[in-house]
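For the sequence shown, my numbering begins at 49 and goes up steadily by one.
Working notes for the structure below.
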Amino acid sequence: MNPNSILGRYLSKQIVVTFLLVLSTIMGIIMMFDAVEALRRISGREDVGMSYVVEYVITRLPQTVDRVLPFIMMVAAMITFWKVSKSNEYVIIRSSGVSVWGFLMPVLSAVFVVGVINVALINPISSKMYEMHETIKYRFVTRNPEAMLFSSKGLWIREAISDDKILVLKAKSLRQEENEVLSMQDVIILEMDRQSQIVKRVEALLGELKDNKLHLRGVKVFESGKETKTVAHTEYDTGINIERIKENFIDPDAISVWELPDTIKFYESSGFAADRHKMRYLSLLASPFLLVAMVLISALFALKPNMRQGGVMFLIVAGITTGFVIYFSSQLIYAFGINGYIPIWFAVWSPTLVVALLGISAMIQKEEG
Numbered sequence: 049m050n051p052n053s054i055l056g057r058y059l060s061k062q063i064v065v066t067f068l069l070v071l072s073t074i075m076g077i078i079m080m081f082d083a084v085e086a087l088r089r090i091s092g093r094e095d096v097g098m099s100y101v102v103e104y105v106i107t108r109l110p111q112t113v114d115r116v117l118p119f120i121m122m123v124a125a126m127i128t129f130w131k132v133s134k135s136n137e138y139v140i141i142r143s144s145g146v147s148v149w150g151f152l153m154p155v156l157s158a159v160f161v162v163g164v165i166n167v168a169l170i171n172p173i174s175s176k177m178y179e180m181h182e183t184i185k186y187r188f189v190t191r192n193p194e195a196m197l198f199s200s201k202g203l204w205i206r207e208a209i210s211d212d213k214i215l216v217l218k219a220k221s222l223r224q225e226e227n228e229v230l231s232m233q234d235v236i237i238l239e240m241d242r243q244s245q246i247v248k249r250v251e252a253l254l255g256e257l258k259d260n261k262l263h264l265r266g267v268k269v270f271e272s273g274k275e276t277k278t279v280a281h282t283e284y285d286t287g288i289n290i291e292r293i294k295e296n297f298i299d300p301d302a303i304s305v306w307e308l309p310d311t312i313k314f315y316e317s318s319g320f321a322a323d324r325h326k327m328r329y330l331s332l333l334a335s336p337f338l339l340v341a342m343v344l345i346s347a348l349f350a351l352k353p354n355m356r357q358g359g360v361m362f363l364i365v366a367g368i369t370t371g372f373v374i375y376f377s378s379q380l381i382y383a384f385g386i387n388g389y390i391p392i393w394f395a396v397w398s399p400t401l402v403v404a405l406l407g408i409s410a411m412i413q414k415e416e417g
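Below, the structure is given as structure tokens:
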């Protein structure tokens, strides 16, 4: 069936409208639970008001919805197929000579377009909001005096090295060398007191992090009321090491699909692995196809010529259970991919391909039966 035909547009509209209704319902439920969680976290904090709770909930919402989007689409498809089956529209369409694939084509096309829009347009917005959420959570929920960020803009570190001294370090570029050594260029260090007043500024052409010590070469020291000093070498004790830097890579969920390739290239050029970011990038590319595969599975359970009342609940439970099995299986395979047991591309695409092949096989059997 041509998706642009009258019947094709009707079926496309049905799945899109139902998807938006289910999406709105799920968003409301997610916001309610997130609000309760945010209130629990800030209980006893007099410096945090309700406005921050609202920001916390709203900025977290898009990323949470993105994670459950396949389930939302599956539920929307099951409702749509159940409606057309219950009203005998499916029987009438099939009786007119339209194959099951002709019936599904407009629905699958609409779902694929929704997936592409989500990746290309919605993802950059949700990534930015998730980045804001992480900032809000850090500022208003935690009291950790230390912070670290390693991105394409360089390395930023805030570390309390004593009871009355805080260091803020910025390195323009860095690279992991052999023997757990991290080399840096264009290093700037600000020494501050507990009131965040700058006491000293140190600039260095080169830096080297090794054995919990930061060695600086080509150093200039600036202090208020004193002349600028130039020294060949100085060093700082630090609790920062390569493993902690790896743990503080910018979260892949906070990077849009358009920026991920450059971010991956930056981390790899710095000598670090970027497996989590590769996994996120490939998962985004595969997500429209996963949505289509979930719709095929939904059709298997909800697209029946004779939808009797007694079997509706069983089909719904079976469909939802299948969705959970697919989700947890895919997460397990993703974990294998991130930890290097299987190739990342295989970890991302295999769940989608398996689900799609199962759905196609079942629909072929339905067509022949």
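Cβ atoms here follow ideal geometry from the backbone N, Cα and C, with glycine treated the same way.
Neighbour-count burial assignment, residue i, 16 or more Cβ in a 10 Å radius
i: Gln62; result: buried
i: Asn136; result: exposed
i: Thr183; result: exposed
i: Leu338; result: buried
i: Phe394; result: exposed
i: Phe349; result: buried
i: Ala125; result: buried
i: Thr278; result: exposed
i: Glu207; result: buried
i: Asn260; result: exposed
i: Pro118; result: buried
i: Gly56; result: buried
i: Pro309; result: exposed
i: His447; result: Not covered by the structure: residue 447. The range shown for the chain is 49 to 417.
i: Pro193; result: Only weak support is given to the placement of Pro193: the predicted model assigns it a pLDDT of 49, under 50, and the value that follows is read from those uncertain coordinates. It is exposed - the Cβ of Pro193 has fewer than 16 other Cβ atoms within 10 Å.
i: Phe372; result: exposed
i: Ala383; result: exposed
Short Cβ contact (8 Å threshold) for residue i with residue j
i: Glu226; j: Ile290; result: no
i: Ser346; j: Met122; result: yes
i: Ala158; j: Val64; result: yes
i: Lys268; j: Glu251; result: yes
i: Lys220; j: Gly202; result: yes
i: Leu217; j: Ile205; result: yes
i: Lys248; j: Glu271; result: yes
i: Phe129; j: Arg142; result: no
i: Tyr138; j: Leu351; result: yes
i: Ile237; j: Leu215; result: yes
i: Val164; j: Pro336; result: yes
i: Phe198; j: Phe297; result: yes
Option in the options with minimal Cα separation from residue i
i: Leu344; options: Asp114, Val155, Gly388; result: Val155
i: Asn320; options: Glu251, Leu230, Pro391; result: Per the sequence shown, residue 320 should be read as Phe rather than Asn. It is Leu230.
i: Gly273; options: Lys261, Ala280, Thr286, Ile246; result: Ile246
i: Ile381; options: Ile392, Gly371, Leu109; result: Ile392
i: Ile386; options: Met327, Phe376, Met411; result: Met327
i: Ile374; options: Leu401, Arg57, Tyr284; result: Leu401
i: Ile412; options: Ile293, Thr286, Val148, Leu69; result: Val148
i: Gln111; options: Leu332, Arg265, Gly287; result: Leu332
i: Asp212; options: Gly371, Ser244, Ser200, Val235; result: Ser244
i: Ile209; options: Met240, Leu197, Glu179, Ser200; result: Met240
i: Ser200; options: Leu264, Tyr284, Glu307; result: Glu307
i: Thr286; options: Gln233, Val116, Leu264; result: Leu264
i: Ile408; options: Arg88, Ala341, Val101; result: Ala341
i: Gln224; options: Ser317, Arg242, Met180; result: Ser317
As assigned by DSSP and simplified to three states, the class of residue i
i: Lys258; result: strand
i: Gln243; result: coil
i: Pro193; result: Unreliable placement is indicated for Pro193, whose pLDDT of 49 sits below 50; no coordinate value is reported for it.
i: Trp204; result: strand
i: Gly97; result: coil
i: Met275; result: Met is not the amino acid found at residue 275; the sequence shown has Glu there. Residue state, collapsed to three classes: coil.
i: Leu68; result: helix
i: Gly287; result: coil
i: Ser147; result: coil
i: Leu230; result: strand
i: Ser91; result: coil
i: Val167; result: helix
i: Ser135; result: coil
i: Glu103; result: helix
i: Glu182; result: helix
i: Ile214; result: strand
Meets three-Cβ-pair contact criterion under 8 Å: the segment 96-107 and the segment 75-84 = yes
query = If we count Cβ pairs, one from each stretch, closer than 8 Å, do we get three or more for the segment 299-314 versus the segment 367-387?
reply = no
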